[in-house]
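Colleague: Questions regarding the structure given below will be posed in turn.
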Amino acid sequence: MDLFTDKLAYSIFYHFARAFMNTFGKLEVYGLENFPKGGCLVASNHTSFIDPPLVGCCIPQEMFFLARKTLQDLPVLKKILPYCNVIPIDRDGGGADVGAFKKMFKVLKEGHSVLIFPEGTRSKDGKPGKAQGGAGLIACKSRVPVVPVRIFGSHLVLPKDSVIPKCAKVKVCFGKPIFPAEFDPGKNHPDRFREASRFVMSRILEIKEPRVSKY
36 MDLFTDKLAY SIFYHFARAF MNTFGKLEVY GLENFPKGGC LVASNHTSFI DPPLVGCCIP
96 QEMFFLARKT LQDLPVLKKI LPYCNVIPID RDGGGADVGA FKKMFKVLKE GHSVLIFPEG
156 TRSKDGKPGK AQGGAGLIAC KSRVPVVPVR IFGSHLVLPK DSVIPKCAKV KVCFGKPIFP
216 AEFDPGKNHP DRFREASRFV MSRILEIKEP RVSKY
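Per my numbering, residue 36 is the first one in the sequence shown, and the count goes up by one each step.
Next up, the structure:
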């Protein structure tokens, strides 16, 4: 199975994720017109385990997802994740995961988008956490536009410590792209990558929840 050509399997999971969100809540999507042409990073807040497939099913094109390598320790996920365009990244190796970066740069060059989370982990209560340096490193090294996206309500569908989904309205809002000249403070900055993450996170938090429902 080739991760980069198995589009049928990805399409199946895409429609499954969309059906899941339509079952457990009215999914509202805003700002898709902000997507640039070509490869880009999609940077989102992170409040629920469903956030990756949630964002993925909002975008009508194939995208890729960075996820910690330890998820593959679970037999079921080890079989499923490659079909979902997941690029496993080793966050415990003490340095950058060169193999994961090569795969990510490849798909970005091919014009795909890659989802990242500046917070690095899920929030327990839906409130935004502090930005970590990993997302900033990826953004500064890849030199592609970053599309900020803010999710409202996913923590109500599947909270961090829950396994049973609940019904709740979810809104996914895409902001205007941010370019390297804006988020990268430069190689001489003493905390370059964390500062880039902070900037991206600030743009995510600037996105306000739409008060007028589409329904």
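Just so you know, even glycine gets a beta-carbon here, dropped at the ideal spot from N, CA and C. Since we're looking at a predicted model, the values are computed, not measured.
(1) For the beta strand (DSSP E) that contains Pro-220, what are its first and last residues?
(2) What is the C-beta distance between Val-181 and Cys-92, in whole angstroms, given that I count them as a contact (C-beta under 8 angstroms)?
(3) From Phe-48 to Ala-54, what does the alpha carbon distance come to, in whole angstroms?
(4) Going by Cα to Cα distance, which pick from Tyr-118, Ser-232 and Leu-193 is closest to Ala-174?
(5) Nearest-angstrom Cα distance between Phe-39 and Thr-156?
(6) What first and last residue would you give for the alpha helix (DSSP H) that runs through Ile-115?
(7) Pair every Cβ in the segment 68-87 with every Cβ in the segment 149-165, then say whether three or more of these pairs are closer than 8 angstroms.
(8) What are the partner residues of Ala-78, as DSSP defines its beta bridges?
(9) Please return the same chain residues whose Cβ sits closer than 6 angstroms to the Cβ of Asp-132, not counting the five positions on each side in sequence.
(10) Quick one: is Ala-216 buried, meaning 16 or more other Cβ sit within 10 Å of its Cβ, or exposed?
(11) Would Phe-218 be called buried (16 or more neighbouring beta carbons within 10 Å of its own) or exposed?
(12) Look at Phe-136 and Asn-120 and say whether their C-beta atoms are less than 7 angstroms apart.
(13) List the endpoints of the continuous beta strand (DSSP E) containing Ala-102.
(14) Could you compute how far the alpha carbon of Gly-171 sits from the alpha carbon of Ala-203?
(15) Roughly how far, in whole angstroms, is the beta-carbon of Ile-122 from the beta-carbon of Leu-101, given that I think they are within contact range, below 8 angstroms?
(16) Under a Cβ-count criterion, where at least 16 other Cβ atoms within 10 Å of its own Cβ denotes burial, should Met-36 be classed as buried or exposed?
(17) Who does Cys-208 pair with in a DSSP beta bridge?
(18) When you compare only the Cα positions, how much space is there between Val-198 and Asp-160?
(19) My output table needs one value for Phe-51: the three-state DSSP class, helix, strand or coil.
(20) Taking a contact to mean a Cβ-Cβ separation below 7 angstroms, would you say Phe-209 touches Leu-67 in this structure?
(21) Looking at the secondary structure, which residues open and close the beta strand (DSSP E) in which Val-121 lies?
Modeller: Result, derived from the coordinates:
(1) Careful: Pro-220 lies outside any beta strand (DSSP E) and carries neither H nor E.
(2) Contact doesn't hold; Cβ gap of about 20 angstroms is too wide.
(3) Between Phe-48 and Ala-54, the alpha-carbon positions lie close to 10 angstroms from each other.
(4) Ser-232
(5) Any reading at Phe-39 must be qualified, since the residue scores a pLDDT of 42, below 50, and its modelled position is unreliable; the value itself is stated next. If you take the alpha carbons of Phe-39 and Thr-156, they lie about 26 angstroms apart.
(6) Secondary structure note for Ile-115: its alpha helix (DSSP H) is the uninterrupted segment 110-115.
(7) yes
(8) Under DSSP, Ala-78 takes part in a beta bridge, and its partners are Ile-151 and Pro-183.
(9) Ile-124 and Asp-125
(10) It counts as exposed.
(11) Answer is buried; the Cβ neighbour count reaches 16.
(12) no
(13) 98-103
(14) 32 angstroms
(15) 5 angstroms
(16) Note that Met-36 scores 39 on pLDDT, short of 50, meaning its location in the model is unreliable; the coordinates nonetheless yield the value given after this. Answer is exposed; the Cβ neighbour count stays below 16.
(17) Cys-208 is bridged to Tyr-65 and Arg-185.
(18) 15 angstroms
(19) In this structure, Phe-51 counts as helix in the three-state DSSP scheme.
(20) yes
(21) 121-124
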